[in-house]
Each structure stands twice: as C-alpha cells, then as structure tokens.
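*Asks:* Let me begin by handing over the structure; questions about it come next.
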DNA sequence: ATCGGATAGTTGCATGTCCTAGTGTTTCTT
DNA sequence: AAGAAACACTAGGACATGCAACTATCCGAT
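Protein chains in written order, with full-length UniProt numbering: chain A, 1 to 186; chain B, 1 to 186.
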C-alpha cells in the first residue's frame with residue numbers, strides 16, 4: 001500500500017459531473033456506483049491481504065478455510081466450495097492445491113460418491129483460520145472505516161444488488177435479519 | 001457469465017450469523033460488508049466486461065480512454081493517468097501499451113518536460129470511447145439493478161469509505177452534491 | 001555550477017485470478 | 001443398457017498487480 005498522493009477532489013464525483021455534462025445523466029449515477037464499487041473493493045482487498053500476507057494465504061484461500069471451519073464435519077466436496085464461494089471450479093482446484101501444499105487441508109475420497117473429492121481441514125489449517133480471523137477482525141472487520149449505520153446500510157444495499165443479479169434465490173435479507181439470533185441450519 | 005446454480009440462502013448472511021455465533025459479533029458486520037463488496041464488485045465487473053469485450057478493451061483500459069476523452073487537450077501525462085485512476089505506474093504502462101497497439105492512443109513527447117510522455121487520444125480511440133460508453137450506459141449504468149435511492153446511497157457510503165481510506169483529501173461529496181449542475185472546472 | 005534528491009517512465013519477474021477447452025471417471029436418468 | 005449429467009483435473013492464455021532495478025531528466029540547495 002504505497003502512500004500515493006491523495007487527490008484534492010473525489011475523482012468519481014468529477015467523472016459523474018462530466019457524464020452528466022455530456023448528456024448522459026440517466027447513466028451518471030450508475031457509472032458512479034460501479035466505479036465506486038471497483039475502487040472500494042480494491043481498498044478493502046488491500047487491507048485484508050495485508051493482514052493475511054504473514055499467514056501465507058490470500059483472501060480466496062482464507063475463504064475456503066473459513067468455509068471448512070464452519071462446516072459440520074470439517075470437510076466439504078470441491079463442488080460445494082465452488083458454489084458457496086461463487087467461484088469457478090478451476091479456482092477451487094487452484095486454491096485447494098495451494099492450501100494442501102501448505103499443509104492446511106487434505107484431499108480425501110468421498111465415502112460413497114467416487115466422483116467427488118472431499119477437502120478436509122487439518123489441525124494446522126484450523127489453527128490458522130482462528131488466528132487469522134482474530135487478526136482480521138481486530139485490524140479490518142471491526143473498524144471498516146464507516147459508522148455502524150453505514151455498514152449495515154451498505155450490506156443491505158449490496159445484498160439487494162446480489163439478489164437481483166441472481167446470487168441467491170431465497171428471500172432477500174433485510175437489515176433487520178442481521179439482528180436475529182443465530183439460527184443454526186445446515 | 002455461466003448460469004451458476006443460485007443458492008437458496010444468501011451465503012454472506014449465513015457467514016455473518018456464524019461469525020456472531022462464534023463470539024465475533026463486533027466484527028460480523030464488517031466482515032459482511034467486506035465480503036459483500038468483493039462479490040458485488042465481481043458482479044459489476046463481469047457485466048461491464050461483457051459489454052466491453054466486443055470492443056477489445058478491458059475496464060481498466062476503458063477508464064484510461066475516458067480520462068483522455070474528458071481531458072481538455074485530449075492528452076495527459078502517464079503519471080497523471082496513474083494518479084487519477086489510482087493505479088500503479090506499471091499498470092498505466094501496460095494499459096497504454098495495449099491501447100497503443102490497438103491504434104486507440106499514441107505516445108508523444110511532452111513539449112517542455114522531457115521526462116514525461118504524453119498519451120494522446122486518437123480519432124479511433126475517441127470514437128470507441130463514445131460508442132462503448134453509450135453501450136455501457138444502456139446495458140449497465142442506467143440499470144444497475146437497484147432503485148435510484150439505493151444507488152445514490154451506495155455511492156455516498158462508498159465515497160465516505162474512500163475518503164476515510166485517503167483516496168482524496170477534499171470535502172467528502174455528500175449525496176446532495178450529485179444533484180448540482182455540472183460545474184466545469186479543470 | 002554542480003551535486004544530490006526527487007520525478008518519470010520502462011522493464012523484468014513473480015504472484016494471483018479468471019476463463020476456455022478438453023480429458024477421464026462416475027453417477028443418474030430413462 | 002445407453003445417453004446425459006456431474007465431478008475433478010490439466011493445460012494454456014489473458015490480465016491486473018506488485019516489487020525492484022534502471023535510465024533519463026528536472027530542480028533545489030549549496
């Protein structure tokens with residue numbers, strides 16, 4: 001994260017004005033939204049990866065680890081990982097390859113379905129998951145650089161957008177859902 | 001964009017519940033925000049790149065094109081492009097290399113400062129900028145998959161986040177700023 | 001006038017992600 | 001039993017990012 005010179009004006013606000021000034025008013029807000037999303041993701045990812053780097057995992061691999069961490073048996077089929085994380089099967093293969101090389105997970109055959117291979121979280125991986133998460137929580141997640149209201153509003157709006165894009169079919173979680181007690185359903 | 005199976009439940013809402021159920025309440029919302037950001041960006045980027053693909057440019061290169069398009073002289077120094085788009089100098093070199101190969105821009109020496117090279121938008125690049133933008137406006141920016149209120153709220157929240165992260169030092173644009181007429185200032 | 005630091009841009013290299021396409025195996029469906 | 005579908009892997013390419021090293025140029029301070 002190089003300390004780049006900060007600009008005096010918000011470049012996205014400027015771009016939005018230029019869009020509007022060019023007769024593209026109807027699309028100006030959408031353009032600003034998409035561009036903001038790109039930049040904000042970049043910022044968030046950089047913060048997360050900086051914390052994760054000492055542990056030798058990327059965010060993609062950390063997500064795999066956490067998925068296994070929260071799974072009942074501590075293991076999941078490759079395909080299920082891909083679906084839950086919304087990534088390509090090849091990306092799962094790649095991520096698991098590296099996690100396996102690092103001794104954090106292990107591939108084991110599925111007991112009944114011989115097509116599928118299970119990914120099993122090893123003790124070392126479980127330990128790393130906890131440690132890295134506590135570090136992430138402390139350094140990033142518990143201080144996202146926004147007031148709490150904005151954070152929940154952001155989550156809510158993005159959930160709406162993801163739902164609209166077809167990420168999940170169930171009811172769109174409203175912000176009030178986030179206040180409900182944890183219902184354990186598998 | 002493969003038509004992946006949509007999940008029944010919002011995976012991020014589930015992860016948030018698990019975080020909370022594990023004693024990590026203070027970080028649960030932040031985790032959900034960061035994860036949502038990642039996924040939403042992926043969705044938005046996929047939509048944009050799908051529109052841009054026929055034109056042979058990526059979003060990164062399209063942004064360079066638009067920056068030049070809106071510049072007074074139709075040309076900018078490399079360094080200025082990097083600062084405005086918040087990307088590394090190497091990324092600018094890379095993007096300009098490809099834009100130049102495609103005959104969309106041209107490198108020219110700076111008249112007074114012989115260190116800097118100017119990137120000049122060529123007619124073909126200007127034409128592509130307009131055409132691609134109109135396509136993007138029609139297919140993505142003018143229908144972001146969110147009600148207008150949510151779009152402006154999103155832009156506002158992300159602006160707050162970017163400002164907090166040090167992206168720009170000026171006043172944080174409030175949502176009301178987006179309603180102001182286009183003031184042309186260079 | 002010149003020395004040294006800062007700036008501009010490029011290059012090479014490594015890492016990581018995503019995607020397509022093709023392969024082989026296994027399971028499900030009819 | 002035959003065909004369709006699902007699962008995982010491999011190879012290869014495109015792309016963005018980041019760091020380090022290098023050259024050339026500019027500019028400020030002595």
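Glycine residues also receive a C-beta, built at the ideal position from the N, C-alpha and C atoms.
(1) Report yes if the CB atom of residue 16/B is closer than 8 Å to the CB atom of residue 28/B, and no otherwise.
(2) Go ahead and pull the three-state DSSP assignment for residue 75/A.
(3) If you follow the alpha helix (DSSP H) that residue 123/A is part of, which residue opens it and which one closes it?
(4) I need the straight-line Cα distance from residue 220/B to residue 146/B, nearest angstrom please.
(5) Does any C-beta atom of chain A lie closer than 8 Å to the C-beta of residue 160/B?
(6) Check distances from the C-beta atoms of the segment 88-121 of chain A to those of chain B and list, in chain order, the residues that come in under 7 Å.
(7) Between the alpha carbons of residue 175/B and residue 10/A, how many angstroms are there, rounded?
(8) Could you pull the start and end residues of the alpha helix (DSSP H) that residue 51/B belongs to?
(9) Mind checking whether residue 43/B and residue 165/A have CB atoms under 8 Å apart?
(10) Ordered along the chain, which non-local residues of its own chain (more than five positions away) have a Cβ less than 6 Å from that of residue 116/A?
(11) From residue 144/A to residue 30/B, what does the alpha carbon distance come to, in whole angstroms?
(12) Measure the C-alpha to C-alpha separation of residue 136/B and residue 114/A and round it to an integer number of angstroms.
(13) Count Cβ pairs between the segment 81-95 of chain A and the segment 57-72 of chain A that sit closer than 8 Å; are there 3 or more?
(14) Looking at residue 134/B and residue 74/B, is the spacing between their C-beta atoms short of 8 Å?
(15) By the criterion of Cβ-Cβ separation under 8 Å, what are the contact partners of residue 164/B in chain A?
(16) Along chain B, in chain order, which residues have C-beta atoms closer than 7 Å to that of residue 150/A?
(17) From which residue to which residue does the alpha helix (DSSP H) around residue 58/B run?
(18) Which same chain residues, not among the five before or five after residue 105/A, have their C-beta less than 8 Å away from its C-beta?
(19) Let me confirm a value: residue 160/A is counted as buried when at least 16 other C-beta atoms fall within 10 Å, else exposed. Which label applies?
(20) When the Cα of residue 154/B is compared with those of 26/A, 25/A and 35/A, which residue comes out closest?
(21) Residue range of the beta strand (DSSP E) that residue 109/A falls in?
(22) In whole angstroms, what is the alpha-carbon distance linking residue 49/A and residue 142/A?
(23) For a test of the three-state rule: what should DSSP assign to residue 117/B, helix, strand or coil?
(24) Expressed to the nearest angstrom, what Euclidean distance is found between the alpha-carbon atoms of residue 21/B and residue 14/B?
(25) Using the Cα positions of residue 149/A and residue 167/B, report the straight-line distance between them to the nearest angstrom.
(26) So, at 7 Å on beta carbons, what are the nonlocal neighbours of residue 56/A in its own chain, with the 5 sequence-adjacent residues on each side left out?
(27) Does any CB atom of chain B fall closer than 8 Å to the CB of residue 9/A?
(28) Grouping DSSP H, G and I as helix and E and B as strand, with all else coil, what is residue 141/B?
(29) Sort 18/B, 127/B and 85/B by Cα distance to residue 72/A and report the nearest one.
(30) Report the neighbours of residue 38/A on chain B: residues whose CB is nearer than 8 Å to its CB, in chain order.
(31) With DSSP run on the structure shown, which of helix, strand or coil describes residue 70/A?
*Replies:* Considering the structure as presented:
(1) Cβ atoms of residue 16/B and residue 28/B: closer than 8 Å.
(2) Residue 75/A carries a strand assignment under DSSP once its states are collapsed to helix, strand and coil.
(3) 123-136 is the span of the alpha helix (DSSP H), which, as asked, contains residue 123/A.
(4) The requested residue 220/B is not part of the displayed model; chain B covers only 1 to 186.
(5) For residue 160/B, the answer is yes, since a Cβ of chain A falls inside 8 Å of its Cβ.
(6) So the list is empty, because no residue satisfies the distance condition.
(7) With a pLDDT of only 49 at residue 175/B, under the threshold of 50, the placement of this residue in the model should not be trusted, and no figure is reported.
(8) Per DSSP, the unbroken alpha helix (DSSP H) holding residue 51/B starts and ends at 25-52.
(9) It is a contact, given that the beta carbons lie within the stated cut-off.
(10) Scanning its chain for C-beta atoms nearer than 6 Å, with the 5 sequence neighbours on each side dropped, one finds around residue 116/A the residues 77 and 110, in chain order.
(11) Using only the alpha carbons, I get a separation of about 6 Å.
(12) Rounded to whole angstroms, the gap between the alpha carbons of residue 136/B and residue 114/A is 45 Å.
(13) Yes: the two stretches touch, three or more of their Cβ pairs being nearer than 8 Å.
(14) Contact flag unset, no.
(15) Contact annotation for residue 164/B against chain A: 145 and 146 [CB-CB distance below 8 Å, chain order].
(16) The contacting residues are 157 and 160.
(17) Note, residue 58/B: premise wrong, no alpha helix (DSSP H); not H, not E.
(18) So the qualifying residues of the chain are 64, 65, 68, 96, 99, 119, 120, 121, 122 and 125.
(19) Residue 160/A comes out buried.
(20) It is 35/A whose Cα lies nearest to the Cα of residue 154/B.
(21) Here the beta strand (DSSP E) through residue 109/A covers 105-109.
(22) Rounded to whole angstroms, residue 49/A to residue 142/A spans 16 Å at the Cα level.
(23) Correct three-state label for residue 117/B: strand.
(24) In a straight line, the C-alpha of residue 21/B is about 10 Å away from that of residue 14/B.
(25) So the alpha carbons of these two residues sit roughly 22 Å apart.
(26) The residues are 102.
(27) Taking Cβ atoms only, chain B reaches closer than 8 Å to residue 9/A, which makes this a yes.
(28) Residue 141/B falls in the helix class under three-state DSSP.
(29) Comparing Cα positions, the closest option is 18/B.
(30) One finds 41, 44, 45 and 59 in chain B with Cβ atoms closer than 8 Å to the Cβ of residue 38/A, taken in chain order.
(31) In the structure shown, residue 70/A adopts coil according to DSSP, grouped into three states.
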